[in-house]
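Numbering (full-length UniProt numbering), first residue to last: 1 to 233. Below: the structure, in structure tokens.
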């Protein structure tokens, strides 16, 4: 599988020149950048994981290197510092990003390394908690956020062991990029659960896989008879 690892070079050093009254400025800049690059990533068929906001992962399977270069050029025009990026390859998304990060550490700022790796099918699991709205209504804003973060950490820890990359999406939504070989383990983990459900999508790129996963999850919510569903169109 392929992932593109992107780093804002010397980002921390740049933030420190903004003065002590800087955190609101940093957040404003980060979310403005994120809005633009999330849109661009989706336009080329990818899915962007913002992670730490100074380092990002873009799913790369099913996307030509020319489109990845287009994304990086677009991003570099928006960032306050130089970026550097490497395409990583491995059996799992986790292994691919490790490969990409090992590569990125060897690059000068402003450089991109896009090797001609083969494409793989993409699978994405879209999780949510049962009765999260009721939990929110019966507790409070922060308590529901606390429970959502616990849920995210549980999913992150489990899927990390499968070579997956997890991202919290807001509310009670968590998505995980996976090797399709891990789907049986994802299903076994939720099959008898009364707490969580998961829609699983497979596609030629991440946008297609995530669309299928979200449709699968929506179908589960509608019927309320299943804890998981797999869609591949």
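Backbone N, C-alpha and C fix where the C-beta goes; we use that ideal spot for every residue, glycine too.
Alpha carbons only, please: which of the options is nearest the one belonging to residue i?
i	options	result
residue 173	213, 205, 202 and 207	213
residue 101	152, 225 and 55	55
residue 190	97, 47 and 220	220
residue 52	33, 159, 67 and 139	33
residue 8	19, 24, 22 and 29	29
residue 10	80, 222 and 223	80
residue 57	146, 133, 151 and 98	98
residue 233	223, 205 and 224	205
residue 170	134, 6, 157 and 146	146
Starting from residue i, follow the beta strand (DSSP E) in both directions and report where the run begins and ends.
i	result
residue 130	Premise fails: residue 130 is in no beta strand (DSSP E) and is neither H nor E.
residue 166	165-170
residue 85	83-89
residue 173	173-178
residue 4	2-8
Taking a contact to mean a Cβ-Cβ separation below 8 Å, would you say residue i touches residue j in this structure?
i	j	result
residue 62	residue 88	no
residue 178	residue 125	yes
residue 1	residue 90	yes
residue 175	residue 210	yes
residue 130	residue 40	no
residue 207	residue 35	no
residue 148	residue 159	no
residue 6	residue 75	yes
Whose C-beta lies closer than 6 Å to the C-beta of residue i among residues of the same chain, with five residues either side of it excluded?
i	result
residue 137	none
residue 120	1 and 61
residue 72	85 and 112
Please list the terminal residues of the continuous alpha helix (DSSP H) segment that includes residue i.
i	result
residue 183	183-190
residue 197	Not the alpha helix (DSSP H): residue 197 falls in the beta strand (DSSP E), residues 196-203.
residue 207	206-223
residue 227	No alpha helix (DSSP H) contains residue 227, which DSSP labels as neither H nor E.
residue 51	No alpha helix (DSSP H) holds residue 51; DSSP gives it neither H nor E.
residue 65	65-76
Which same chain residues end up closer than 8 Å to residue i when comparing Cβ atoms and leaving out the 5 residues on each side of it in sequence?
i	result
residue 215	199, 201 and 231
residue 192	227
Considering only residues of the same chain and omitting the five flanking positions on each side of residue i, which have a CB-CB separation below 7 Å?
i	result
residue 95	163
residue 103	86, 88 and 113
How about the region 194-211 and the region 101-113: do they share at least three Cβ pairs that are nearer than 8 Å? Contact between the region 194-211 and the region 101-113 is absent, with fewer than three C-beta pairs closer than 8 Å.
If contact is defined by three or more beta carbon pairs under 8 Å, each pair taking one atom from either stretch, is the region 120-134 in contact with the region 176-191? A contact exists between the region 176-191 and the region 120-134.
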